Structures are given as C-alpha cells and as structure tokens.
Amino acid sequence: MHTLDLPGLAADAGAEHAAGAALAGLTTLRLGGRCTHLVTCADTGSLVAVVRALDAAGVRTLILGGGSNLVIADEGFDGAVVRVATAGIDVDGTLVRADAGALWDDVVARTVSAGLGGIECLSGIPGSAGATPVQNVGAYGAEVADVLERVELLDRRTGERHWVTPDALRLGYRTSVLKHRDDALVLAVEMRLRGDGLSAPLRYGELATAMGGEPGARLPVDEVRRTVLGLRAGKGMVADLTLDDDTPDHDSWSAGSFFTNPVIEHADLAGVLGAIAARVGGDARVPQYPADGGRAKLSAGWLIERSGFGKGYPGEGSPARLSTKHTLALTNRGAARTAELLALAREVRDGVHEAFGVRLVPEPVLVGCEI
Ligand SMILES: Cc1cc2nc3c(=O)[nH]c(=O)nc-3n(C[C@H](O)[C@H](O)[C@H](O)COP(=O)(O)OP(=O)(O)OC[C@H]3O[C@@H](n4cnc5c(N)ncnc54)[C@H](O)[C@@H]3O)c2cc1C
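Shown next as structure tokens:
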C-alpha cells in the first residue's frame, strides 16, 4: 500500500484533486466506472511533479488525455488517473510546438489559419496533441509521423525529461512504442509543416474526389480542412462533446474506429481473398492498400459489413450498437455499460473471423477489461 497524500501532493504541485471521480464523463464513449483519485494538471511542471511522485510511490496510474481512444471497465480504475490539461500551442515559422494536453483539433485549426500545410487531413480527430504519437494518428492518407520533428518525454522509470526523434518511437500503422506501455509520458510534440499555404499531396481517393482533384494534388489547406471536416461529420467521426445537448448524436459516442484495418501477410492473402469470394461472390472487391513487407491492409469496415453486421447493428433499442453512419465505430446509445459494448465487439470480431478467417484487433486502449 502506498502512503502518498494525493490531495496534498496535488495542492503542492498546483494541480486539482478529486476523489472517486466518474470516468464516463471523461471519455468520448461515456463509459467507465470511477477512479480512486483524479488529478488534473494544467501546466507541464505540475504534470511532471505529480507523475514523478506517483511513480516513486508505486501508485497505479493511468494517463488520460481527451479519453477518445479509451475503453474503461465498468469497475473503473483502482488508482490515480492523471488528466493532462496543459494547453500551449506555439507557431514559429513552420515549426509548431504543442503541449501534450492541447486539443489536437485546435492545433490543426491554428496551423491551417497560419497557412501551414501538413496536418489538414488530420482535422476533426478528437483528443490531445500528446496522444497523437501514441498511436500515430492518421486519417485521409496522412499520419502524424509525416510531420513529427521530435517529442518531449518524461521517462517514468528514471524521472528524466528528454526529447526524442520519431525514429526512436517506431511509429507504424496506428501504433508506436508508446502504445500499450506506461513507462513514458508525452509532454510536448513538435512538428515541421510546409509554409506555402498548400496541403500535403492528397493520398486518399475519397478526399481527392470530394475536392474535385486528383490524388497527388496539393490544394489550399483551409479548403482541405473544410472538406475533411464535412466528410468526417457525415460518418459521425467528429466527437460530440456537447454532453448537455438535448439531442446528442449517439453515432459519435464512440472511440472512433473500434478495430484497426487488418494487415494480411503476403502468403495468406490468396486464402483470405478466396474466403471472401466464396462468401460474398467472385466479383466482390475488398478495398486493400499496400503495407510494409509485401503485406496488404484490408478495410475492416468492409469485412464487418460483409460478415452481416450492417450499420446500426443490432438495431434500435440496443444500448450498444454499430454507428448508423459507419460500421467501424461501436457506439453507446446513451445508457450502455462497458460490458455491453465489449460483448458487441466480441460478436463482431468473432463473426468476421468465422466469415473470412481474419482476426480483427481493437484500436482503442482497453483499461481493466478485454475482448
Ligand atoms: C469520433 C472519433 C473519431 C476518431 N478518429 C480517429 C482518426 O481518424 N484517426 C485516429 O488515428 N484516431 C481517431 N480516433 C481515436 C482518438 O481520437 C485518437 O487516438 C487520439 O489521439 C486519442 O487522444 P486522447 O487524448 O483522447 O487519448 P486518450 O483516449 O485519453 O488516451 C489514449 C491512450 O494514450 C495514452 N495517452 C494519452 N495522453 C498521453 C500522453 N500525454 N503521454 C503518454 N500517453 C498518453 C493513454 O494513457 C491511453 O493509453 C477517433 C476517436 C473518436 C472518438
């Protein structure tokens, strides 16, 4: 048992402490029980002091940003949740620095209004800047790895602060060395953008088409941001944080895509495509994209839909359903429990496996629970 006086520690560090806080209100799924302690840190100095003290005392600690990629158990979290609420954003020429707690979409909006290109395709992704390297966030053909210069970390084993370059983070498709580990805390991110007012070359067909351009085109950053926000809104993929709203959009009460797109080894691809043809018909074409090492990334949403899980599954009245706009998002319709969402996740994962022999892997971080 640790003997740390958490309210005292928080007060000394200039942070806020709450005992027994409900975590549901701090996640975009609105799911999860209570934590023993919630400590909210609004500046980097207090964040470092609090996490160092918790680690030194051996207190079980969960780092929380915007809660948009977390599924927390109904039982909650027996330990300290540290909420990263730092907010600084600094634009210096084409170099952009953001504190870990800065809202990611505020960072994107600031850079777009400064005419900087590189992260406009990542518009509308909920959560914090500090979480973006954790799973190398990506959308519409771009990912944060494209622009990251360096990341400031607190090494939680030694208590040291240091900057690392992206190669040390091994950023991959929705992953990095930071994901599913808790020995490093991101304190700040730095990105190098383009200064000519134009986007990075568009790599995503749907976006290029929506903009009337060709893949590879570079278009004004503000127009790309507007188009991306429109496309995302149409799929319920912009988090709805208006908790007091009388008519909440439950399609966005999600953790975004619940499963990553499965990456299939070259040697297994023919078998998977054969299973797809046998079930769906020879003309069916699963959207696929090249991945490293000759592998192929298949569309998880397409596989889910073709396994019999359509939009809105299992239907009206169910507390947890697939989004009615996007099969890849599992949503809380207002009164779900984590257990119900996870049961749906298991059903979808197992159904896709049975249909096509492909095992889907969850994208969010599961805390105190599993599927
Ligand atoms: C509607 C919706 C749409 C989404 N669309 C996309 C998308 O297009 N592309 C995409 O990649 N993701 C998407 N996501 C997922 C999510 O928004 C991102 O993963 C986001 O970066 C998570 O940020 P967060 O601050 O909310 O992290 P949290 O959910 O708070 O935390 C996620 C994980 O990161 C850890 N973490 C958080 N902050 C830090 C830190 N400072 N240092 C170390 N670890 C930390 C946490 O401990 C946890 O393990 C979407 C989510 C939603 C709800």
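Residue numbers 56 to 426, in the working numbering, belong to the letters of the sequence shown in order. Quick reminder that beta carbons are idealized off the backbone N, C-alpha and C, glycines included. Since we're looking at a predicted model, the values are computed, not measured.
How about residue 175: is its Cβ closer than 8 Å to a heavy atom in ligand 1? For ligand 1, not one heavy atom lies less than 8 Å from the Cβ of residue 175.
Could you have a look at residue 406 and say whether DSSP puts it in helix, strand or coil? In the three-state reduction of the DSSP assignment, residue 406 falls in the helix class, which pools H, G and I.
Excluding five sequence neighbours on each side, which residues of the same chain lie with their C-beta closer than 8 Å to the C-beta of residue 149? The residues are 171, 247, 248, 249, 250.
Pick out whichever of 377, 315, 360 has its Cα sitting closest to the Cα of residue 416. Looking at the Cα atoms, 315 is the closest of the given residues.
Nearest candidate by alpha-carbon position, reference residue 402, set 364, 381, 420: For the set 364, 381, 420, the Cα lying nearest the Cα of residue 402 is the one of 364.
Please name the residue, chosen from 413, 274, 121, that lies closest to residue 80 on a Cα-to-Cα basis. Out of 413, 274, 121, 121 has the C-alpha closest to the C-alpha of residue 80.
Alpha carbon to alpha carbon, what distance is there between residue 243 and residue 282? In this structure, the CA atom of residue 282 is about 28 Å from the CA atom of residue 243.
Give me the DSSP bridge partner(s) of residue 387. For residue 387, the beta-bridge partners assigned by DSSP are 375.
Rounded straight-line distance, which links the Cα of residue 231 to that of residue 190: Distance between the alpha carbons of residue 190 and residue 231 is about 6 Å.
Let me check one thing: in DSSP terms, what residues is residue 229 bridge-paired to? The partner list for residue 229 (beta bridge, DSSP) is empty, contrary to what the question assumes.
Buried/exposed call for residue 66, threshold 16 Cβ in 10 Å: Its Cβ having fewer than 16 others within 10 Å, residue 66 is exposed.
By a C-beta neighbour count over all protein chains shown, 10 Å radius and 16 as the cutoff for buried, is residue 111 buried or exposed? With fewer than 16 Cβ atoms within 10 Å of its Cβ, residue 111 is classed as exposed.
If I'm right that residue 156 touches residue 169 with Cβ under 8 Å, what's the distance once you round it to whole angstroms? A Cβ-Cβ distance of about 21 Å is found for the pair residue 156 and residue 169, leaving them out of contact under the 8 Å criterion.
Which residue wins for smallest C-alpha separation from residue 145, given the options 384, 159, 266? If you compare the alpha carbons of 384, 159, 266 with that of residue 145, the shortest gap goes to 159.
Please name the residue or residues paired with residue 289 in a DSSP beta bridge. Under DSSP, residue 289 shares a beta bridge with no residue.
Presumed contact (8 Å Cβ cut-off) between residue 196 and residue 258, rounded CB distance: Yes, residue 196 and residue 258 are in contact; Cβ-Cβ is about 3 Å, under 8 Å.
Would you say the beta carbon of residue 318 is closer than 8 Å to some non-hydrogen atom of ligand 1? No, the Cβ of residue 318 stays beyond 8 Å of every heavy atom of ligand 1.
Just grab the DSSP bridge partners of residue 127 for me. Secondary-structure assignment with DSSP links residue 127 through a beta bridge to 422.
Between which two residues does the alpha helix (DSSP H) containing residue 160 stretch? Under the DSSP assignment, residue 160 falls in the alpha helix (DSSP H) whose first and last residues are 159-168.
May I ask you to check if the CB of residue 194 is nearer than 8 Å to at least one heavy atom of ligand 1? For ligand 1, at least one heavy atom lies less than 8 Å from the Cβ of residue 194.
Consider the C-beta atom of residue 218 and the heavy atoms of ligand 1; say whether any pair is separated by less than 8 Å. No, the Cβ of residue 218 stays beyond 8 Å of every heavy atom of ligand 1.
Are the CB atoms of residue 181 and residue 333 within a distance shorter than 9 Å? Not a contact, by the Cβ cut-off of 9 Å.
What are the residues that DSSP puts in a beta bridge with residue 198? Beta-bridge pairing links residue 198 to 193.
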